[in-house]
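First comes the structure, then the notes that go with it.
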Amino acid sequence: MAAIASVSLAARTTVQGKQLRNAPKRAAVARSAVAVTAAARPMWLPGKDAPAHLDGSLPGDFGFDPLNLGADAENLKWFQQAELMHCRWAMLGVAGILFPEAASMAGAGSFPLWTEAGEVANGTV
Numbered sequence: 015m016a017a018i019a020s021v022s023l024a025a026r027t028t029v030q031g032k033q034l035r036n037a038p039k040r041a042a043v044a045r046s047a048v049a050v051t052a053a054a055r056p057m058w059l060p061g062k063d064a065p066a067h068l069d070g071s072l073p074g075d076f077g078f079d080p081l082n083l084g085a086d087a088e089n090l091k092w093f094q095q096a097e098l099m100h101c102r103w104a105m106l107g108v109a110g111i112l113f114p115e116a117a118s119m120a121g122a123g124s125f126p127l128w129t130e131a132g133e134v135a136n137g138t139v
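Residue numbers for the sequence shown follow our numbering, beginning at 15 and rising by one.
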């Protein structure tokens, strides 16, 4: 293993003639070899290896595919698009909950609570 040598150098930073700090900087000698492993990537289960088709290129890829459903590249693309559509519908659902409640609180209308909307529509409330 290569030894790391450090030399203390005084670094002075000045702005408009005022000294801001006097901190030592260290110059390090580079190591002869650097090994990067997949363990540096966060995984859904620490210590578990990711499947070969999940290489970390997709957003949110933490190596979770226990049934190997995304091994086919076409399926993996479809799953990615399906997840995007799911997220968009979920965001619309949250907006459909929050906006009527905010409008009711502001006095802009008389909307039922989202938990009771079906009961009000059916006349059971």
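Ideal Cβ positions, reconstructed from N, Cα and C, are used throughout, including at glycine.
Would you mind giving the Cβ-Cβ distance between residue i and residue j, rounded to the nearest angstrom? I have them listed as a contact below 8 Å.
i	j	result
G77	A66	In fact, because the Cβ distance is near 10 Å, the residues do not count as touching under 8 Å.
L68	G84	7 Å
G123	A117	5 Å
R55	G70	5 Å
Quick check on DSSP: helix, strand or coil for residue i?
i	result
S124	coil
A52	With a pLDDT of 47 at A52, under the threshold of 50, the modelled position of this residue cannot be trusted, and the question is left open.
K62	coil
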